[in-house]
Amino acid sequence: MKPEIKFALILACLAIAFLASGQQANPNADLPRIQADELAKAIQSSSGQKPVVFYVGPVILYNQGHIRGAELMGPAARPEGIEKLKERTASLSHDQQVVIYCGCCPYDHCPNIRPAYQELQKMGFSKVRVLYLPTSFGTDWADKGYPVDKG
Amino acid sequence: MAIRKAGLVLALAVAVAGVYAARHHYRSRSVSLPNLPAPQLSLTDIDGRAVHTSDYNGRVLLVSFWAAWCLPCNEEVPHFVELQQKYQNQGLQTIGFSVDDARDDLRNFYQKFKMNYPVVPADQKTLSAYGGLPGLPTTLLIDRRGRIREKYVGYTDFNKLEQRIIALLRA
């Protein structure tokens, strides 16, 4: 094999390894996002269609504090969380704007948002976005003064 | 030839740096607290043993909120085990509060990681007692006088944490 080809192959392998490691480290990178400030404005707005907000994380964290008006589904990484999400959304129009969020742990490694997003996509919802909370709900929503309900 | 070698070395360095960054990119935040008094709690660990935080008065207490299903938390636990092993004779005590774990998952995790400190399933009261849980993982450091001195939200910077533990043990 010519040295130039060998060199190009090595570079290609390194590039693939680099991309693969990044993908593994951030399995939620490809999900369509909504930023916290945009969602806060939308839920406080008196005009326009408001998104339905579903919380798909642990119940104990929801009870501690959650986005005003958000509905509790439970952890979507577990079958009971997915079942509740399916039941709740069965009667919704597929054009409905839906926001799902968790914030239990850093976004990049949240085990709940992808299963919830995939289920809604499978059901035919076309306007689903995931709230981007890089560190956690407390840090990126509550501590920033966005509207919170307790219990 | 020299240019090709330099290119190869550069590409290798970029790839290694990329892999390192991707593996250690968790976001975290450190919150300094104004010496709030730590709660005195009576709890039960996963083996059914009573855990009274008052038993640790006079020690430096490391409180870890985590979950077996939380990947960044999983990566933290071996560090906590190591810190406990390294500093227990100097006065460090670690407690792990597990959040929303199924009991079997928790027990398997506990055994797999050879956790050498009490692990207690957290309830709503526990979270409230420590001022609320912003998310997982969250780590608190409590000094020998029972004051909450640090709160780290997200993946912990263990170099910084260890330096802080040493300082509190010496204080």
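The listed protein sequences derive, respectively, from chains A and B. Counting from 1, one number per residue, gives the positions in the first sequence under my numbering. Counting from 1001, one number per residue, gives the positions in the second sequence under my numbering. From the three backbone atoms N, C-alpha and C, an ideal C-beta is built for every residue, glycine too.
Contact note: P111(A) reaches chain B through W1069, using a C-beta cutoff of 7 Å and chain order.
Taking CB atoms only, P1039(B) has no neighbour in chain A less than 8 Å away. Here the alpha carbon of D1143(B) sits roughly 39 Å from the alpha carbon of A29(A). Residues are counted here when their Cβ sits less than 9 Å from a Cβ of chain B; for the stretch 133-151 of chain A these are L133, P134, T135, S136, F137, G138, T139, D140, A142, D143, given in chain order. In terms of beta-carbon proximity, V1063(B) stays away from the interface with chain A, with every pair separated by 8 Å or more. Along the length of the stretch 28-65 of chain A, whole beta strand (DSSP E) runs at least 3 residues long occupy 52-55, reported in chain order. Using a C-beta cut-off of 8 Å, the stretch 1113-1133 of chain B makes contact with the stretch 1035-1053 of chain B, since at least three inter-stretch Cβ pairs fall below that distance. Around the beta carbon of L92(A), fewer than 16 other beta carbons lie within 10 angstroms, which makes this residue exposed. For a Cβ distance threshold of 7 Å, nothing in chain A lies close to L1043(B): the least Cβ distance comes to about 15 Å. Residue-level contact check: G103(A) touches chain B, since one or more beta carbons of chain B fall below 8 Å from its beta carbon. Within the same chain, Cβ atoms closer than 7 Å to the Cβ of N1116(B) are found at V1081, Q1084, Q1085, the five residues on either side in sequence being excluded.
Inter-residue distance for I43(A) and P51(A) is about 7 Å (C-alpha atoms, whole angstroms).
For D1157(B), the closest Cβ of chain A is not nearer than 8 Å. Between P1134(B) and P1072(B) a beta carbon distance of about 14 Å is seen, past the 8 Å cut, so the two are scored as non-contacting.
For a cut-off of 8 Å, the C-beta gap from Y117(A) to V53(A) is around 14 Å, too long to register as a contact.
Within chain B, the residues W1069 have their CB atoms less than 8 Å from the CB of A77(A), given in chain order. When H109(A), E119(A), G151(A) are compared, the shortest CA-CA separation from G1154(B) is found for H109(A).
In the DSSP assignment, Q1163(B) falls within the unbroken alpha helix (DSSP H) covering 1158-1170.
The closest CA to that of V56(A), considering only L85(A), I34(A), L31(A), is found on L85(A). Residue contact check for Q1111(B) against chain A: no CB pair falls below 8 Å. Within chain A, the residues Q64, G65, G138 have their CB atoms less than 8 Å from the CB of G1132(B), given in chain order. Residue pairing by DSSP places D149(A) opposite H66(A) in a beta bridge.
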